[in-house]
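See structure below.
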Amino acid sequence: MGAWAVSVAVASTFVSAAIPGAPVAPAISLSASFVLKTIDAQGTDTVSGALSFIPGGEVCVAVKTPTVQEMHLSPRELVIYYPERDLAFVAHFDPSQPPPMLDALAAGIVDPGSTLPGESKLLERKRENGNLVTRWRVVAGGAETGEMRTVESRAGAISLELSEKSGKPQRRFTFGDRIRVGTHSVPRTIVADYFAAGGVQKREEQWSLADVIRPDPRHPAQIGCAHLRPETKIQTLQW
Amino acid sequence: MTRPTSVRKVGVRKWAGTFMVVAVVSGAMIVSPLLEHPVQAQQSWAPQQQTWGPPQPGAPAYAPPPVDTARAVMEATQDAQADENGVLWFFAGCLLGIIGVVIAAVAEPTPPPARLMGKSPEYLAIYTQTYKSEGKSAQLRSSLWGVGTAVIVVVAIYVILIVTVLKSQPTSTTY
């Protein structure tokens, strides 16, 4: 009975740790316009629009090109709305499931160490060319899954790299110059490189943020928050 | 001249151990390709109806263009396979055994929302479905390899122990 309980406890840890790319939504209030370029084997996709982070872990995205779309990410629900067709896809999550997040943006805003599973261990912390270099061993469900290396300046993180146990990279985020928004420092450019198993680069995301402002809390700009109408066609999205 | 019962029992155990290893490895070899492409596996061998061209009279004119559909399937497959944490699921199978496999079969991988930005509704629906299906099969595969490896290691240790015990016992011969 005891062994079964231990197995179930370990199992639940595996489930929560197995879902990739899950930095928590930062509690920040900001609005910005963005351009996202995705480069992969199929070519380059460019998406542009505006986004806003709402305190409480919500993110609203209004995509203007190539397809008009509104995306509302919240801890319990993801809504993707197509205003031109009055069509919405809605996905609901269990409280145990980590909510979906635009991980490149979240990685640039939150403290890198806070995105790791609790059992992870700090391996090294040193100064290099005036920057702080930190190395973590990533441990999830009792098993070591790899390493995270961050380089931080006074302004915020410069780069963050997650690698496999073998040392091959999994994800690398490189942050450009930063702007202060309230108590947070927000990078104006982010390059996110995603690697397949074995360290082969599979995709690069290039984010550029402009007009980064902290909205007036008395008049929050509801950018792209997918407000559905009673007659909106809603499809449930299995998530 | 008869063999002692203990020797016969060890022979049966050895045979059972070898049979188990062969069964697990053969099972993995059969199951693994089936899990490789579940989306394709669901497709029929029958000739597919042509879905492009002008819509039929009365049919909705917003059918997805075939290029978009094919691209969604391809990108979702690649992303799911690349995002799967193979090491973690291997250890889940290795350490938790059948529980790890069950979790791998039940746990839902979630697609990265950035991949859905600016995409058409048709792309979104197909990408999400394919990503989850491929991701689940990839994690199931890794956990099965974990279980298989654990079984082989345990059997090997068991065989080594039996051989060691037998060697350490004084041999009895019946004439």
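Top to bottom, those sequences are chains A and B. Numbering-wise, the first sequence is residues 6 to 244 according to the working numbering. Numbering-wise, the second sequence is residues 8 to 182 according to the working numbering. For every residue, glycine included, the Cβ atom is placed at its ideal position computed from N, Cα and C.
When DSSP reads this structure, A/Glu-129 sits in a beta bridge with A/Arg-140. Between A/Gln-240 and B/Lys-139, the C-beta spacing is not below 8 Å. Pairing A/Arg-193 with A/Leu-167 gives a Cβ-Cβ distance that is not under 8 Å. Taking C-beta atoms as the reference points, B/Val-154 and B/Gly-100 count as a pair closer than 8 Å. Assignment of beta-bridge partners to A/Trp-212 by DSSP yields A/Leu-41 and A/Ile-195. By the C-beta density criterion, B/Val-161 is exposed, having fewer than 16 other C-beta atoms within 10 angstroms.
With contacts defined as CB atoms closer than 8 Å, B/Trp-96 and B/Ser-175 fail to qualify as a contacting pair. Sequence-distant partners of A/Arg-183 (beyond 5 residues in either direction) whose C-beta falls short of 8 Å from its own C-beta, in its chain, are Ala-160, Gly-161, Ser-190, Val-191, Pro-192 and Arg-193. B/Ile-167 is classed as exposed because its beta carbon has fewer than 16 other beta carbons within 10 Å across all chains shown. Chain B has no Cβ within less than 8 Å of the Cβ of A/Ala-160. According to the DSSP assignment, B/Glu-129 belongs to no beta strand (DSSP E) but to the alpha helix (DSSP H) extending over 128-175. Listed as beta-bridge partners of A/Glu-166 by DSSP are A/Arg-154 and A/Arg-177. A/Ser-190 carries a strand assignment under DSSP once its states are collapsed to helix, strand and coil. Beta-bridge partners of A/Ser-36 (DSSP): A/Ser-57 and A/Ile-218.
Using beta-carbon distances, A/Ile-85 counts as an interface residue toward chain B, with a partner under 8 Å. Within 8 Å of the CB of A/Val-68, the CB atoms of chain B belong to Met-124 and Gly-125, in sequence order along the chain. Considering only beta carbons, the part of the segment 123-152 of chain A lying closer than 8 Å to chain B consists of Ala-145, Gly-146, Gly-147, Ala-148, Thr-150 and Gly-151, in chain order. Closer than 8 Å to the CB of A/Thr-72 there is at least one CB belonging to chain B. In this structure, B/Gly-142 lies near B/Glu-91, with their beta-carbon atoms less than 8 Å apart.
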